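A.B. asks: Residue numbers (my numbering): 69 to 321.
One structure follows; several queries about it will come next.
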Amino acid sequence: MLASHQRWLMTQTAYALHLEYDPAAPGSGLTVVALRDLIIRYRIASRNTVLSFIEELLTYRFLELAPGPARRPRRYVPTEISSEAMFGWYLANLAAIDLIDGGGRADALAASPRLMDLAQPRMARNCLATDVWRDPPECVGLFLWTEAGGLVVDHIMSKLDLGGAGRDRIDIGRFDARMLAAHFMISRTHLQRLLRKSAERGDIGWHDEARKTRMWVSRDFLDQYCRWQAVKLAAVDEAFAWARSAEAHGSPS
Numbered sequence: 069m070l071a072s073h074q075r076w077l078m079t080q081t082a083y084a085l086h087l088e089y090d091p092a093a094p095g096s097g098l099t100v101v102a103l104r105d106l107i108i109r110y111r112i113a114s115r116n117t118v119l120s121f122i123e124e125l126l127t128y129r130f131l132e133l134a135p136g137p138a139r140r141p142r143r144y145v146p147t148e149i150s151s152e153a154m155f156g157w158y159l160a161n162l163a164a165i166d167l168i169d170g171g172g173r174a175d176a177l178a179a180s181p182r183l184m185d186l187a188q189p190r191m192a193r194n195c196l197a198t199d200v201w202r203d204p205p206e207c208v209g210l211f212l213w214t215e216a217g218g219l220v221v222d223h224i225m226s227k228l229d230l231g232g233a234g235r236d237r238i239d240i241g242r243f244d245a246r247m248l249a250a251h252f253m254i255s256r257t258h259l260q261r262l263l264r265k266s267a268e269r270g271d272i273g274w275h276d277e278a279r280k281t282r283m284w285v286s287r288d289f290l291d292q293y294c295r296w297q298a299v300k301l302a303a304v305d306e307a308f309a310w311a312r313s314a315e316a317h318g319s320p321s
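Here it is as structure tokens:
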């Protein structure tokens, strides 16, 4: 559900609404109405797309109806597998920031999982309200606005030869499109279309043009990707620091 940008925005927003549930506030929590209003306000998706998204989450049992008497609007809660996955996502992002500055954020979250309930809604709303995160640079958005495209671009970036980071073209080594398409369970045609469009922009290319097995990415593509990811990591970091402060002072609001 985080593999395309539209779904990332809807998923993080839905989870934030769930964590913001207040029994004393009628209509709070994750409802179709609350999610629809936020998503439409920021022009992320249509009303019908939001409805289909909720139905898909229910079908795959990532969501279920909240326990208790049935009321309108109906409130939903994530199932255990969804909560575990979202916790793992936040933990992984904190670990990534720790690698940059040697901090102990991931250990702090593991020791106090309650911090997730405070940090995630703040992070999600900050990302939702930040133009440069909502609308990725064109070179990144080419992948992110397509199904599973986020997995593809992250995979490409994970294979960078950091020893060549100062060059205009940075090698990522062998690239097997057939194997990658199978691994991510997407069609090879879809993957090749994405790669072709990116190559036409000059963002990626191949050292062996005929066989297309050894890929490079442009320095500009890398820079724009990193700047865009930095926006999210800053939001993750700021929200977690706020959550730790709030917990320390006994004030979750």
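Where a beta carbon is used, it is the ideal one built from N, C-alpha and C, also for glycine.
Since the structure is predicted, the reported quantities are computational estimates derived from the model, not experimental observations.
1. Shortest alpha-carbon distance to residue 122 belongs to which of 135, 111, 107, 136?
2. I'd like the ranges of any alpha helix (DSSP H) spanning at least 4 consecutive residues and lying wholly in the stretch 205 to 241.
3. Give the range of the beta strand (DSSP E) segment to which residue 283 is assigned.
4. Nearest by alpha-carbon distance to residue 226: which of 284, 279, 182 is it?
5. Is residue 212 near residue 204, with beta carbons less than 8 Å apart?
6. Taking residue 177 and residue 162 to be in contact with their CB atoms under 8 Å, please state how far apart those CB atoms are, rounded to whole angstroms.
7. Mind checking residue 138: buried by the 16 CB within 10 Å criterion, or exposed?
8. Determine which residues share a DSSP beta bridge with residue 146 and list them.
9. Considering only C-alpha positions, which residue in the set 222, 158, 124, 147 is nearest to residue 135?
10. Is it the case that the Cβ atoms of residue 315 and residue 180 are separated by a distance below 8 Å?
11. Nearest to residue 77 by CA position, among 164, 131, 88, 189, is which residue?
12. The ligand NAD heavy atoms versus the CB of residue 161: any closer than 7 Å?
13. Would you give the residue range spanned by the beta strand (DSSP E) that residue 108 belongs to?
14. Between the C-alpha atoms of residue 102 and residue 95, what's the straight-line distance to the nearest angstrom?
15. Short of 7 Å in beta carbon distance, which residues of its chain neighbour residue 208, apart from the five on each side in sequence? Order them along the chain.
16. Within the chosen definition, does the stretch 157 to 173 reach the stretch 110 to 117 through at least 3 CB pairs nearer than 8 Å?
17. Rounded to the nearest angstrom, what separates residue 82 and residue 276 at their Cα positions?
18. Between 100, 238, 119, 145, which lies nearest to residue 290 when the distance is taken from Cα to Cα?
19. Just grab the DSSP bridge partners of residue 274 for me.
20. Which residue's Cα is closest to the Cα of residue 216: 199, 200, 191, 248?
21. What does the alpha-carbon distance come out to for the pair residue 141 and residue 243?
22. Which of the three DSSP states is assigned to residue 252 in this structure?
23. Between residue 165 and residue 305, is the Cβ-Cβ spacing less than 8 Å?
24. Put residue 93 into one of helix, strand or coil per three-state DSSP.
C.D. replies: Inspection of the coordinates gives the following:
1. Answer by Cα proximity: 107.
2. Runs found: 206 to 212, 217 to 226.
3. Its beta strand (DSSP E) spans residues 282 to 286.
4. Comparing Cα positions, the closest option is 284.
5. A contact, by the Cβ cut-off of 8 Å.
6. The beta-carbon separation of residue 177 and residue 162, rounded to 6 Å, stays under the 8 Å limit for a contact.
7. Counting Cβ neighbours within 10 Å, residue 138 comes out exposed, since fewer than 16 surround it.
8. In DSSP, residue 146 forms a bridge with 131.
9. When only C-alpha atoms are compared, the closest one is 147.
10. A contact, by the Cβ cut-off of 8 Å.
11. Cα-wise, what sits closest to residue 77 is 189.
12. Judged by which ligands are present, the structure shown has none, so any question about the ligand NAD falls away.
13. Careful: residue 108 lies outside any beta strand (DSSP E), inside the alpha helix (DSSP H) at 100 to 109.
14. Rounded to the nearest angstrom, the two C-alpha atoms are 8 Å apart.
15. Excluding sequence neighbours, residue 208 sits near 221, 292, 293, 296.
16. No: the two stretches stay apart, fewer than three of their Cβ pairs being nearer than 8 Å.
17. Between residue 82 and residue 276, the C-alpha separation is close to 44 Å.
18. Of the residues 100, 238, 119, 145, the one whose Cα lies closest to the Cα of residue 290 is 238.
19. Within the DSSP secondary-structure output, residue 274 pairs in a beta bridge with 283.
20. The shortest C-alpha separation from residue 216 is found at 248.
21. Spanning the alpha carbons of residue 141 and residue 243 requires a straight line of approximately 48 Å.
22. If DSSP states are grouped into helix, strand and coil, residue 252 belongs with the helices.
23. Yes; because the gap between Cβ atoms is below 8 Å, this pair is in contact.
24. Note: residue 93 maps to coil in three-state DSSP.
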